[in-house]
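Student: Going by the working numbering, the sequence shown opens with residue 21, and the numbers climb by one from there. For each residue, glycine too, the CB sits at the ideal point set by N, CA and C.
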Amino acid sequence: MNSKILHSLNWRYACKKFDQNKKIKNEDLETILESLRLTPSSYGLQPWKFIIVEDSKIREELVGASWGQKQVAEASHLLVLCAPKLVDEKHVDAFMHSTVTARGQDIAEVSGFKDMLVKNIVGKDETWQYSWAKNQVYIALGQLLLTCALLNIDSCPMEGFKPKEYNRILGLDERGLNAMVVCPIGYRSEEDKYTKLAKSRFELKDLIIKI
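#1: In its own chain, which residues sit with a C-beta less than 6 angstroms from the C-beta of Ser158, not counting the 5 before and 5 after it?
#2: Distance check for Lys213 and Ala85, CA to CA, integer angstroms please.
#3: Going by Cα to Cα distance, which pick from Ser118, Gln156, Leu161 and Glu109 is closest to Lys144?
#4: If you run the structure through DSSP and keep just helix, strand and coil, what is Lys12?
#5: Out of curiosity, what's the CA-to-CA distance linking Ile78 and Ile189?
#6: Excluding five sequence neighbours on each side, which residues of the same chain lie with their C-beta closer than 6 angstroms to the C-beta of Gln40?
#7: Look at the alpha carbon of Lys184 and the alpha carbon of Ala199, and state the distance between them as a whole number of angstroms.
#8: In three-state terms, what does DSSP make of Lys69?
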């Protein structure tokens with residue numbers, strides 16, 4: 021087993037109280053953001069945007085939209101993982117252009133792939149797209165949590181917030197985005213009682229089924 025990875029995963033927990041005096045170094049933040057950029061997604065479509073909320077007044081306002089959870093304002097950085105309200109053909113075109121540019125292909129070579137994406141993703145209704153895009157954002161969340169743990173940076177993935185309020189406060193509706201999940205990141209406070217609690221997980225034998 022890889023002891024470094026397992027040590028980092030055992031070390032991490034959902035931090036409830038951050039040390040407001042400790043800030044993430046720019047180099048580490050860049051690593052975290054690059055890891056988000058490299059997240060895998062269905063068809064490679066990357067249906068997401070990652071909001072870094074830097075304005076302290078806005079972060080204080082977001083506490084009220086997070087059922088009073090103060091880590092939103094106290095953490096070194098606040099990330100809001102978003103998905104587009106609608107994955108349209110324009111998004112697919114941008115993805116296809118990025119792909120052929122990176123691979124040195126002609127756009128005609130991927131026309132069939134584009135047609136399939138338009139049919140299977142763009143052609144679906146808003147409810148289906150919302151569910152699909154949220155699933156993709158959660159892949160990015162997992163990558164974010166692991167990267168932070170490997171850097172000894174604490175995190176707190178949060179579903180306990182009011183998405184419509186976040187959309188309003190952050191102006192996401194105007195950007196065509198929905199807030200899907202929130203994740204403050206930074207460094208744990210010594211006053212956080214949860215640091216002293218043992219991690220509770222089922223045994224591997226109770227989770228793995230071999231067929």
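Tutor: Taking the definition as stated:
#1: The amino acid at residue 158 is misidentified as Ser; the sequence shows Tyr. Around Tyr158: no qualifying Cβ.
#2: Straight through space, the alpha carbons of Lys213 and Ala85 are spaced by roughly 24 angstroms.
#3: Glu109
#4: Nothing can be reported for residue 12, as the shown portion of the chain is limited to 21 through 231.
#5: Spanning the two alpha carbons is a distance of roughly 7 angstroms.
#6: Glu94
#7: 8 angstroms
#8: Three-state result, Lys69: strand.
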